[in-house]
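Here my numbering is used: the first residue of the sequence shown is 99, the next is one more, and so on. Cβ atoms here follow ideal geometry from the backbone N, Cα and C, with glycine treated the same way. Since this is a predicted model, take the numbers as computed values, not measurements.
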Amino acid sequence: MTITPIIGIEAHIELKTKTKMFCGCDASHFHADPNTHTCPVCLGLPGALPVPNKTACEWCIKLGLALGCRVNHSSFFERKNYFYPDLPKGYQISQYLRPFTVDGILDLDGHKIRINRVHLEEDTGKSVHLGGDTLLDFNRSGVPLVEIVSEPDINSPEEAKKYLLKVQQVVRYLGISDADIEKGSMRCEPTINIKIEDGDQTFYTPLVEIKNVASLTGVMTAIQFEIDRQIAQFQEDKIVKNSTNKTTRGWDAEKQQTFLQREKEGSADYRYFPEPDIPPIEFTANDVEAVKSTLPEMPDQKIKRYINDFGLSDYDSNLICESIDSSEAFEYGISVFSTEKENIKKFANLYINGLKEHLNKENKEIEKEKINPEQVFKVIKMASGNVVSSSVAKNLIVQSYEFGVDVENYAKENNLIQVSDTIVIEEMAKKVITDNPKAVADYRKKPLSVGFLVGQLMKASKGSANPTLAKEILEKLLSQ
Ligand SMILES: [Zn+2]
99 MTITPIIGIE
109 AHIELKTKTK
119 MFCGCDASHF
129 HADPNTHTCP
139 VCLGLPGALP
149 VPNKTACEWC
159 IKLGLALGCR
169 VNHSSFFERK
179 NYFYPDLPKG
189 YQISQYLRPF
199 TVDGILDLDG
209 HKIRINRVHL
219 EEDTGKSVHL
229 GGDTLLDFNR
239 SGVPLVEIVS
249 EPDINSPEEA
259 KKYLLKVQQV
269 VRYLGISDAD
279 IEKGSMRCEP
289 TINIKIEDGD
299 QTFYTPLVEI
309 KNVASLTGVM
319 TAIQFEIDRQ
329 IAQFQEDKIV
339 KNSTNKTTRG
349 WDAEKQQTFL
359 QREKEGSADY
369 RYFPEPDIPP
379 IEFTANDVEA
389 VKSTLPEMPD
399 QKIKRYINDF
409 GLSDYDSNLI
419 CESIDSSEAF
429 EYGISVFSTE
439 KENIKKFANL
449 YINGLKEHLN
459 KENKEIEKEK
469 INPEQVFKVI
479 KMASGNVVSS
489 SVAKNLIVQS
499 YEFGVDVENY
509 AKENNLIQVS
519 DTIVIEEMAK
529 KVITDNPKAV
539 ADYRKKPLSV
549 GFLVGQLMKA
559 SKGSANPTLA
569 KEILEKLLSQ
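Right, here's the structure in full:
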């Protein structure tokens with residue numbers, strides 16, 4: 099019996115436009131006093147007319163293009179009818195038959211996930227549950243929301259996570275949303291069923307959509323729970339009827355399980371029809387070209403260029419291109435020696451193992467302006483000429499970044515210039531041997547443990563001793 103999970107993901111991204119999708123209200127709603135960013139349009143009052151936000155339409159197309167989609171030259175909005183307290187009009191303006199963009203691809207390390215569509219709609223209001231009461235806040239009502247619908251090409255919870263991180267990365271590169279899952283500016287609804295091949299028979303379990311998952315870990319756990327539940331259900335029933343309608347299940351983060359919300363729901367239930375108050379929207383080939391020309395270099399292209407032009411590893415390139423800020427800071431750092439592969443590689447190493455590691459510890463984001471390319475170049479030259487050790491070089495990069503020091507002066511003033519004078523190192527080695535009798539005894543039994551003593555010597559010299567010489571001299575003294 100072969101079991102294959104079939105997973106598709108609908109991801110919603112709130113665009114960070116200044117104003118809402120169909121009115122001039124302020125679209126920022128996090129931490130705003132309830133119901134202060136509203137007007138007759140986003141409150142759904144009778145007679146109020148929606149006017150589409152041009153920037154939101156362009157950003158949706160930008161994202162579609164970045165995900166390899168094609169733009170429909172003529173699109174229209176539709177009304178998706180359903181009743182819910184946070185939807186004052188009784189319908190959501192969305193896109194159904196003719197979305198802005200369709201048929202894209204997202205490459206996950208060679209596994210191509212097809213994108214069905216990237217379309218634009220409006221967000222709903224928010225229900226706030228207080229004690230036994232439910233209050234409504236319409237600040238979020240009408241905020242532009244892009245929906246990215248994948249085909250069911252994802253096969254595991256881990257792959258779902260990878261997919262979402264990649265979507266998030268692309269969105270952030272474009273600067274159209276902060277796409278924060280925990281904050282709610284990115285939301286996702288996985289759709290799952292299982293393909294079961296048993297001999298020459300193939301079964302599909304009924305399709306389930308999971309709602310209310312509010313974290314990346316939650317998405318993975320919810321998908322795994324649903325995979326296990328559906329397989330267990332199949333083993334109990336043995337027979338599965340094919341059904342095109344899907345069941346909606348909610349995710350209970352506390353109990354770590356999904357629960358039934360609505361059964362058998364199809365698009366017909368929403369009675370979609372074209373929005374009569376908004377004329378069809380046309381995009382000419384020129385319009386599309388104009389949007390395309392504003393696309394930045396995307397992560398996949400950047401990584402490829404780093405590997406081909408700079409000779410960096412796939413792993414290092416991925417780390418550097420994690421965010422657009424990180425890659426821009428890196429490229430700024432190498433701007434004075436951008437044609438020298440060897441130096442670029444050296445900086446990549448200092449950047450990842452020195453600067454990024456330091457920032458990770460401090461829990462800070464990189465700031466491009468704090469990088470000084472001239473100082474970076476000096477550090478590389480000093481390290482290449484063995485003027486400073488590699489560990490001192492990492493420290494110098496951080497000092498230049500945090501305090502704007504001149505790295506040459508700093509190294510001299512702090513006695514960080516690499517000591518290759520054998521007499522000086524021998525003095526230090528003798529002291530290390532006297533101070534560490536236990537480590538010396540260990541060394542006699544296990545010569546490989548010399549590393550500890552070298553470490554002590556490096557520490558005593560504040561990283562300035564030439565480590566190769568330090569090891570040689572220690573070994574020489576210990577063998578006497
Ligand atoms: Zn409004």
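Less than 8 Å separating the Cβ of residue i from some heavy atom of ligand 1?
i	result
Cys121	yes
His127	no
Thr345	no
Cys140	yes
Cys137	yes
Lys118	yes
Gly240	yes
Relative to the C-alpha of residue i, which residue among the options is closest?
i	options	result
Asp249	Arg238, Glu256, Val552, Tyr261	First, the amino acid is wrong: residue 249 is Glu here, not Asp. Ranking Arg238, Glu256, Val552, Tyr261 by Cα distance to Glu249 puts Tyr261 first.
Ile450	Ser482, Leu410, Ser436	Leu410
Tyr271	Pro397, Glu352, Ser239	Pro397
Thr315	Leu147, Gln333, Gln354, Gln331	Gln354
Gly65	Pro242, Glu257, Asp298, Tyr194	Only positions 99 to 578 of the chain appear in this structure, which leaves residue 65 out of reach.
Ser126	Arg327, Asn441, Glu511, Asp276	Asp276
Gly648	Glu287, Lys259, Lys293	The displayed coordinates of the chain run from 99 to 578. Any statement about residue 648 would go beyond what the structure contains.
Asn406	Val389, Lys439, Ser433, Phe428	Lys439
Leu195	Leu218, Thr100, Phe428, Ala563	Leu218
Lys400	Ser489, Val268, Ala563, Lys544	Val268
Met318	Pro103, Ile432, Ala563	Pro103
Lys390	Asp367, Thr520, Asn484, Gly166	Gly166
Ser433	Glu395, Gln473, Glu460, Ile211	Gln473
Asn512	Asp540, Phe501, Ser562	Ser562
Ile101	Leu243, Ile329, Gly431	Ile329
Ile469	Gly106, Ala446, Tyr430, Ser488	Tyr430
Val311	Thr346, Pro372, Pro132, Lys479	Thr346
Ser415	Thr437, Glu387, Phe445	Phe445
Glu352	Ala320, Ala383, Asn151, Lys344	Ala320
Ile523	His227, Leu575, Pro138	Leu575
Lys309	Thr356, Glu295, Ile325	Thr356
Arg327	Ile290, Thr153, Cys155, Gly282	Ile290
Lys118	Lys187, Ser239, Leu204, Tyr189	Ser239
Leu163	Leu204, His135, Gly142, Ser173	Leu204
Pro394	Ile274, Gly202, Asp124, Asn534	Ile274
Could you confirm whether any beta carbon from chain D is found closer than 9 Å to the beta carbon of residue i?
i	result
Arg177	This model lacks chain D altogether; it includes just one protein chain.
Among residues of its own chain, excluding the 5 on either side of residue i, which ones have a beta-carbon nearer than 6 Å to its beta-carbon?
i	result
Phe381	Val169, His171
Ala537	Phe550, Leu551
Val247	Glu108, Asn214, Arg215
Pro132	Asp235
Which same chain residues, not among the five before or five after residue i, have their C-beta less than 8 Å away from its C-beta?
i	result
Val477	Leu448, Val486, Ala491, Leu494, Ile495, Ser498, Val505
Leu457	Glu463, Ile464
Lys529	Ala558
Phe332	Ile292, Ile294, Phe301, Thr303, Val338
Pro548	Correcting the residue identity first, residue 548 is Val in this sequence and not Pro. Here the set comprises Tyr541, Lys569, Leu572, Glu573, Leu576.
Gly452	Ala491, Lys492, Asn493, Ile495, Val496
Glu280	Ala312, Ser313
Under 7 Å Cβ to Cβ from residue i, same chain only, skipping five residues before and after it: list those, please.
i	result
Glu426	Lys466
Ser559	Val517, Met526
Asp423	Glu463, Ile464, Lys466
Asp375	Leu147, Pro148
Ser225	Pro183, Asp184, Thr232, Leu234
Ile191	Phe120, Pro148, Phe175, Arg177, Glu219, Glu220, Glu373
By DSSP's criteria, residue i is part of a beta bridge. Which residues make up the other side?
i	result
Gly202	Ile213
Gly106	Thr289
Arg360	Thr346
Pro242	Glu220
Thr100	Glu295
Ala563	Val517
His583	Residue 583 lies beyond the stretch modelled for the chain, which goes from 99 to 578, so this question has no answer here.
Glu112	Leu243
Arg196	None; Arg196 has no bridge partner.
Tyr189	Asn179
Asp124	Thr117
Ile376	According to DSSP, Ile376 bridges with nothing at all.
Thr532	Partner(s): none; Thr532 has no beta bridge.
Met284	Ile111
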